[in-house]
Amino acid sequence: MQIHVVKNYDEMSKKAASIIIKEIIVKPSLILGLATGSTPLGVYEKLIEAYETGLISFENIKTFNLDEYIGIPREHPQSYYSFMNEHLFKYVDIKKENINIPDNDINRLNEIAKEYNNRLFGNQRDIQILGIGANGHIGFNEPGSSLSNQTFIVELNEETRKDNARFFNSLEEVPKYAITMGIKNIMYSRKIILLASGKKKAEAIYKMAYGDIDTRVPASILQLHPDCIVIIDKEAASMLPTNETFIEF
Ligand code: PGA
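Each residue of the sequence shown is one higher than the one before, counting from 4 in the numbering used here.
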């Protein structure tokens, strides 16, 4: 795991975007794993800028999102389908058929998990972008979920629902279930870029990097990934036992 500590959110976004842009330049048909939430927004802005300047194209890029809510339609403004369209896809030349976001059809829960899982195994991600929950989750792999899970339907825990309530009118409106890539799917990526900013993430980052590999902190499994780059701002790094800006182990 390589940990880069940068000054602030903007530097974090720039650094992550520059890694992705370089990879797209050498492999225009990159398979990109995408995350939602506040953390990757700056990266998406920088990728859009790179597209607008002609540096990269999304024409041959395939994307796979980590997760999707169950219990709200795809057209809901807070679905991850809407999120991706609003913050990235509508600005770039990606082909609709190359966009993969888990289906959230409540009447086909078993099938949708299997279907997404099959698609993931045929398409190893060249880069997977990850945020991290304050509780150490990655995707919606909540504390306690098996480290060998593949795509599954998850009941969201209360901390996650409270964290995400800021995007909804009330906590009651936050879906209780989601479909998510499992840890095993996330680990099956050539490179992982995990991003975090702010004090609220400091404890999760500390446990992820320095704690035991433990289902209670799902992100801790990333210690075993052969190419995991962690890019965090000073606040998210504030509990790490060093003042270095680059840590590799
Ligand atoms: P955030 O969410 O980027 O909105 O903080 C991260 C996550 O829960 O994975």
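Even glycine gets a Cβ: it sits at the ideal position worked out from N, Cα and C.
For the ligand PGA, a non-hydrogen atom lies closer than 7 Å to the CB of T42.
Inclusion of P146 and N152 in the CB contact set at 8 Å is not warranted, their separation being larger than that value. Between the alpha carbons of I234 and V9 lies a distance of about 7 Å. Looking at the DSSP output, K210 shares a beta bridge with no other residue. Only residues of its own chain outside the window of five on either side were considered, and among them E71, Y119 and I182 have a CB closer than 6 Å to the CB of P105, listed in chain order.
The beta carbon of F171 lies closer than 7 Å to those of Q81 and V177 in the same chain, with the five residues before and after it left out. Within a 10 Å sphere around the beta-carbon of P43 sit 16 or more other beta-carbons, which makes this residue buried. Between the ligand PGA and the CB of H228, the shortest heavy atom gap is not smaller than 7 Å. For D236 and F155, the gap between their C-alpha atoms comes out near 31 Å.
Shortest Cα-Cα distance from H7 to any of G40, L197, D96 and D108 involves L197.
Its Cα nearest to that of I195, the residue G142 stands out among F86, G142, S41 and T245. If one requires a minimum length of 3 residues, no beta strand (DSSP E) run lies completely within the stretch 93 to 125.
Counting along the chain, D129 sits inside the beta strand (DSSP E) bounded by residues R128 to L133. Remark: the shortest separation between the CB of H90 and any heavy atom of the ligand PGA does not fall under 7 Å. Under the three-state reduction of DSSP, V177 is assigned to coil, being neither helix nor strand. In this structure, I250 keeps its C-beta atom at 8 Å or more from the C-beta atom of I224. Taking the Cβ atoms as the reference, D129 lies roughly 7 Å from K30, within the contact range of under 8 Å. For I28, the secondary structure class from DSSP, reduced to helix, strand or coil, is helix.
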